[in-house]
Amino acid sequence: MPSSEFNAANYYKRLVEDRQLTGIRCNVCGQLSPEARPMCAVCRSSDIAWHAFSGRATLSTFTCISVVPDYWGQKGYGRNNPYCSGIVTLEEGPRISARITGVDGSNPQSIRSGMALALDLEDLDPERPSLAFRPA
């Protein structure tokens, strides 16, 4: 298989430089994917192009996490300060997993499926921004 520009390195480069969620659009069947991949997941065509998503989304489902990996513990998250992660439906249709910021993880009753979200690129690691959404 030939090398493809549609890879994780270029995906993260676009997040850092353009500060925008960019995935792929299939030029054959029109399928959108928020992930960089060398071919369409539906029709398997390699006739694809980069697609910039609007950054608007809706929260589909979420969880608040209080037993955290060391990395998140070092960032101050844990039993007394849970973080939230969810599945968001992008305005254009595809779904993606991301952190949910700007919400109180210790009060999950205040978070609602269906709430409007906007892209929030937190720079938790200087080499790789964290994909996150916040209430719009």
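Residue numbering for the sequence shown follows the numbering used here, starting at 3 and increasing by one per position. We put the CB at the ideal spot given by N, CA and C, even for glycine.
Taking the alpha-carbon of residue i as reference, which of the options has the nearest alpha-carbon?
{"i": "Glu37", "options": "Ser108, Leu92, Ser62, Trp74", "result": "Leu92"}
{"i": "Phe8", "options": "Thr103, Glu124, Thr24, Val44", "result": "Thr24"}
{"i": "Cys31", "options": "Arg46, Val18, Gly57", "result": "Arg46"}
{"i": "Val90", "options": "Pro84, Asn82, Phe64", "result": "Phe64"}
{"i": "Cys66", "options": "Gly57, Trp52, Gly104", "result": "Gly104"}
{"i": "Ala120", "options": "Gln22, Ser6, Val18", "result": "Gln22"}
List the endpoints of the continuous beta strand (DSSP E) containing residue i.
{"i": "Tyr85", "result": "85-92"}
{"i": "Leu123", "result": "Careful: Leu123 lies outside any beta strand (DSSP E) and carries neither H nor E."}
{"i": "Arg58", "result": "58-67"}
Have a look at residue i and residue j and give me their C-alpha separation to the nearest angstrom.
{"i": "Ala54", "j": "Ala134", "result": "16 Å"}
{"i": "Thr60", "j": "Gln76", "result": "29 Å"}
{"i": "Ala43", "j": "Pro71", "result": "31 Å"}
{"i": "Gly80", "j": "Pro137", "result": "22 Å"}
{"i": "Gly88", "j": "Ser48", "result": "30 Å"}
{"i": "Met3", "j": "Pro40", "result": "Reliability of the predicted coordinates at Met3 is poor, the pLDDT of 42 falling under 50, and no value is obtained from them."}
{"i": "Ser62", "j": "Gly116", "result": "6 Å"}
Tell me, please, which residues DSSP counts as bridged to residue i.
{"i": "Arg27", "result": "Leu34, Ala51"}
{"i": "Gly80", "result": "Asn83"}
{"i": "Ser115", "result": "Ser115 is not bridged to any residue."}
{"i": "Gly135", "result": "The displayed chain sequence assigns Phe, not Gly, to residue 135. DSSP lists Ile102, Leu121 as partners of Phe135."}
Three or more C-beta pairs below 8 Å linking the segment 35-51 and the segment 79-98
yes
On the three-pair Cβ rule with 8 Å, is the segment 109-120 touching the segment 13-28?
no
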